[in-house]
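Novice:
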Amino acid sequence: MYPDAGGTRPTFRAMADKLADLGYAVLVPDVYYRDGDWAPFTMATVFEDEAERTRLFAMMGKVTPEVMAADARAFFDYLAARPEVRGDAFGTTGYCMGGRTSLTVAGLVPERVAAAMSFHGGGLVTDEPNSPHHLADRMRGAVYVGAAKNDRSFTVDDGEALDKALTAAGIEHAVEFYDAFHGFAVPDNGPYDEPAARRHWEAMQSFFGAHLG
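Residue 4 is where the sequence shown starts when you use this note's numbering, and the numbers rise one by one after that.
Have a look at this one:
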């Protein structure tokens with residue numbers, strides 16, 4: 004479970020517990036571990052505070068696709084070695100920047116990912132060579148995208164481009180737009196939307212149930 008740009012924090016530990024209650028082993032990685040004991044961000048104000056915004060973007064910039072893939076391999080190996088974990092089919096899910104990470108990992112480490120989900124993920128369709136939609140032909144697992152309406156980081160046109168790429172690659176997938184704002188699924192985000200969050204949990208239970216067992 005890849006967190007949003009704010010990184011690992013109590014709200015994601017609670018979300019991981021909720022997913023674990025469905026019978027899954029869940030790992031919430033600190034994608035900023037290279038920055039050591041970094042000070043947490045306040046998501047309600049981080050984008051309005053110039054110094055904090057600069058610090059956040061600097062940390063985000065270090066999480067490149069190559070880093071995402073290398074870290075994911077280590078995460079999968081760690082989980083596979085745990086005695087309570089059965090099987091070798093992994094699912095990834097993520098929020099905001101974590102949604103992009105989830106799909107990027109599905110494309111760069113396809114042999115390990117049976118199901119990949121993204122919720123209000125941004126940057127899924129860009130001009131970069133490792134944009135998730137450019138990785139569609141390398142993916143093997145199914146893909147689900149739960150996007151927010153009126154989200155500049157993932158527009159309706161982006162949704163159509165991603166759908167086209169996944170269809171051309173023969174990937175089982177769904178791209179759905181929720182009637183909510185970016186950040187709808189994460190309880191400590193200002194735009195958190197209870198009905199949309201409930202829908203996202205229902206989608207996750209159904210999708211992972213179908214592809215991970």
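Think of the CB as a built atom: it goes at the ideal place given N, C-alpha and C, for glycine as much as any other residue.
These numbers come from a predicted model, not from an experiment.
Mind checking T107: buried by the 16 CB within 10 Å criterion, or exposed?
Specialist: With 16 or more Cβ atoms within 10 Å of its Cβ, T107 is classed as buried.
Novice: Confirm, please, whether the CB-CB distance from F211 to A83 is below 8 angstroms.
Specialist: Against a cut-off of 8 angstroms, the Cβ pair of F211 and A83 comes out as no contact.
Novice: With distances taken Cα to Cα, identify the nearest neighbour of A145 among G173, R85 and S156.
Specialist: Checked all of G173, R85 and S156; the closest Cα to A145 is G173.
Novice: Ends of the alpha helix (DSSP H) at H214?
Specialist: Its alpha helix (DSSP H) spans residues E197 to H214.
Novice: Could you please give the first and the last residue of the uninterrupted alpha helix (DSSP H) stretch that includes V159?
Specialist: Taken as a continuous stretch (DSSP letters only), the alpha helix (DSSP H) holding V159 covers V159 to A171.
Novice: Taking the beta strand (DSSP E) that T95 falls in, what are its first and last residues?
Specialist: F93 to Y98 is the extent of the beta strand (DSSP E) around T95.
Novice: Closest to V159 by C-alpha separation, out of P68, R37, V178 and A17, would be which residue?
Specialist: Minimum Cα distance to V159 is reached at V178.
Novice: If we ignore side chains and look at the alpha-carbon of each, how far apart do A171 and A164 end up?
Specialist: So the alpha carbons of these two residues sit roughly 11 angstroms apart.
Novice: Pull the bridge partners of F180 from the DSSP assignment, please.
Specialist: Its beta-bridge partners are A150.
Novice: Let me know the alpha helix (DSSP H) ranges lying completely inside the segment 44-125, each 4 residues or longer, listed in chain order.
Specialist: Fully enclosed alpha helix (DSSP H) runs of 4 or longer: 53-64, 68-84 and 100-111.
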